[in-house]
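Q: Dropping the structure in here first, questions after.
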Amino acid sequence: MSVEQDLVTRAVQGDADAFGQLYESNFDRVYRYLYVRLGNQAEAEDLTQEVFAKVLEAIGSFQWRNVPFASWLFRIAHNKMIDHIRREKRVERVDSDETVLSLDDPDPAEIAEHNLQLEKVRHNISRLSPAQREVIWLRFGAGLSTTEVASALGKSTGTVKALQYNGIASLRKLMGQPA
Numbered sequence: 120m121s122v123e124q125d126l127v128t129r130a131v132q133g134d135a136d137a138f139g140q141l142y143e144s145n146f147d148r149v150y151r152y153l154y155v156r157l158g159n160q161a162e163a164e165d166l167t168q169e170v171f172a173k174v175l176e177a178i179g180s181f182q183w184r185n186v187p188f189a190s191w192l193f194r195i196a197h198n199k200m201i202d203h204i205r206r207e208k209r210v211e212r213v214d215s216d217e218t219v220l221s222l223d224d225p226d227p228a229e230i231a232e233h234n235l236q237l238e239k240v241r242h243n244i245s246r247l248s249p250a251q252r253e254v255i256w257l258r259f260g261a262g263l264s265t266t267e268v269a270s271a272l273g274k275s276t277g278t279v280k281a282l283q284y285n286g287i288a289s290l291r292k293l294m295g296q297p298a
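Residues in the sequence shown are numbered from 120 upward in steps of one, following my numbering.
Okay, here's the thing in structure tokens:
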């Protein structure tokens, strides 16, 4: 049994320490996924907390089905995000003054260039198909494996690989880079 399986099993049985460890090991990935999608730090923080509240509420019914725990977790995160967007009745937004960039000695010109490039990438990702966009966000925003993305989206790994490949190829074209 893997460490993750042991933690999940203990959390399912009501072990608060095990749940705390699952929370700590997955919080950053869920937050990054939501932040990249929503483009707003406060909303991403609030929604991340909602995701883990839902996970805590539902963990007792979790059952292993030969897929990683992260797949179940990110399905919850995805559903919470969709509910949030519908509730807010808005399209995806990017706050250009916020950035995930962290520099030791920030050069304003580098930060501005990075923000412009990030804005261009986000804009062009929004032009991909919804399925390609979701695969790109989960793979590179949240750092999930192909298997975890497939499970989270209810698709085969082959489909996820094809969506990722075609999404990246389309993104390169949109960014003006050779394929």
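We put the beta carbon where it would ideally sit given N, CA and C, even for glycine.
From D134 to S121, what does the alpha carbon distance come to, in whole angstroms?
A: As a working note, residue 134 is residue 15 in the sequence shown. As a working note, residue 121 is residue 2 in the sequence shown. So the two alpha carbons sit approximately 17 Å from each other.
Q: Measure the CB-CB distance between H203 and A271 and report whether it falls below 9 Å.
A: In the sequence shown, residue 203 corresponds to position 84, counting from 1. In the sequence shown, residue 271 corresponds to position 152, counting from 1. Result no, Cβ atoms of H203 and A271 do not sit closer than 9 Å.
Q: In this structure, how does DSSP classify L155 when only helix, strand and coil are distinguished?
A: The residue labelled residue 155 in the question sits at position 36 within the sequence shown. At residue 155 the sequence reads Val, which differs from the Leu that was named. It is helical.
Q: How far does the alpha helix (DSSP H) with P249 in it extend, from its first residue to its last?
A: Numbered from its first residue, the sequence shown carries residue 249 at position 130. From DSSP, the alpha helix (DSSP H) with P249 extends over P249 to I255.
Q: Do S248 and G273 come within 9 Å of each other at the CB atom, strictly closer than that value?
A: On the sequence shown, residue 273 is found 154 positions in, with the first residue counted as 1. On the sequence shown, residue 248 is found 129 positions in, with the first residue counted as 1. Against a cut-off of 9 Å, the Cβ pair of S248 and G273 comes out as no contact.
Q: Alpha carbon to alpha carbon, what distance is there between A172 and L235?
A: The sequence position of residue 235 within the sequence shown is 116, counting from 1. The sequence position of residue 172 within the sequence shown is 53, counting from 1. So the two alpha carbons sit approximately 35 Å from each other.
Q: At what residues does the alpha helix (DSSP H) containing L126 begin and finish?
A: Here residue 126 refers to the residue found at position 7 of the sequence shown. V122 to V131 is the extent of the alpha helix (DSSP H) around L126.
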